[in-house]
Amino acid sequence: MVQRLSRNLRLALFYLCVSGWLPAAAGRGVDLTEQIAKFNAALSQAPPAAQVSLQTLQQLDATLLKPESMYPQFQVWSLPELTEFYHLDKRCASEIGLSAAVKSFIAALCQPNIPSAAWLAANPLYPLGGKQCLAVYLAPSGGGGRAKKLATCAGETERSGGYRDAV
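Residues -24 to -1, 1 to 143 (mature numbering (1 follows the signal peptide of the UniProt record, and there is no 0)) make up the sequence shown, in order.
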């Protein structure tokens, strides 16, 4: 008897939930479509945060624009350098043999707030050298932290000569 009552009660609750939830979900679906359309319209009207002229992009080395160059190229680093980058992640300070410009770049990017696009453009080590370091920096950390990514990017930027005019 108790099992039958329990089963009937579950069916009644299920019916009430479904009858109340389905119309509400249909309404939310329409609302979501409207919200996406509003967001799309606002996005198309918003001014871009930064613009890069086609001429500037054409002046870049074509190998830098290939997808494989947009990720850290760990095969070019020696084991001691990789070890130092691993430790750099923990202390967010550079003791490795990088130049003062790279060390200051890393120190600025280790701060809690992400520097603005204007700051990155004004910095002599713009993070495009060898890969799109800003994209790597902003990507979710997969076992490596922000400082390690930045040190890799900054070191590659220094070796490639930097691309300050890329913004």
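In this text, a Cβ means the ideal position worked out from N, Cα and C, and glycines have one as well.
Worksheet item: Short check: CB of residue 91 to CB of residue 83, under 8 Å?
Response: On the sequence shown, residue 91 is found 115 positions in, with the first residue counted as 1. On the sequence shown, residue 83 is found 107 positions in, with the first residue counted as 1. Their beta carbons are not under 8 Å apart, which means residue 91 does not touch residue 83 by this criterion.
Item to complete: Run the CB neighbour count on residue 81, radius 10 Å, all protein chains shown included, and call it buried at 16 or more, exposed below.
Response: Looking up residue 81 in the sequence shown gives position 105. Residue 81 is buried by the Cβ-count criterion.
Discussion item. Please report the straight-line C-alpha distance between residue -15 and residue 18, rounded to a whole angstrom.
Written reply: In the sequence shown, counting from the first residue as 1, residue -15 sits at position 10. In the sequence shown, counting from the first residue as 1, residue 18 sits at position 42. Separation of residue -15 and residue 18 (C-alpha to C-alpha, rounded to the nearest whole angstrom) is 46 Å.
Discussion item. With H, G and I counted as helix, E and B as strand and the rest as coil, what does DSSP make of residue 95?
Written reply: The residue labelled residue 95 in the question sits at position 119 within the sequence shown. Three-state result, residue 95: helix.
Worksheet item: So what's residue 79 in DSSP terms, helix, strand or just coil?
Response: Here residue 79 is taken as the residue at index 103 of the sequence shown, counted from 1. Residue state for residue 79 is assigned as helix, using DSSP reduced to three classes.
Worksheet entry | residue 103 - DSSP class collapsed to helix/strand/coil | On the sequence shown, position 127 is the one that residue 103 refers to. Because the pLDDT of residue 103 is 47, which lies under 50, any placement of that residue in the model is unreliable, and the number read from its coordinates should be weighed accordingly. Residue state, collapsed to three classes: coil.
Worksheet item: How many Å lie between residue 8 and residue 30 at the Cα?
Response: In the sequence shown, residue 8 corresponds to position 32, counting from 1. In the sequence shown, residue 30 corresponds to position 54, counting from 1. Their Cα atoms are separated by approximately 36 Å.
Practice prompt. Have a look at residue 35 and residue 15 and give me their C-alpha separation to the nearest angstrom.
Written response: Indexing the sequence shown from 1 puts residue 35 at position 59. Indexing the sequence shown from 1 puts residue 15 at position 39. Cα atoms of residue 35 and residue 15: separation of roughly 34 Å, rounded to the nearest angstrom.
Worksheet item: What's the C-alpha gap between residue 55 and residue 79?
Response: Translated into positions along the sequence shown, residue 55 becomes position 79. Translated into positions along the sequence shown, residue 79 becomes position 103. Residue 55 and residue 79: Cα-Cα distance of roughly 20 Å.
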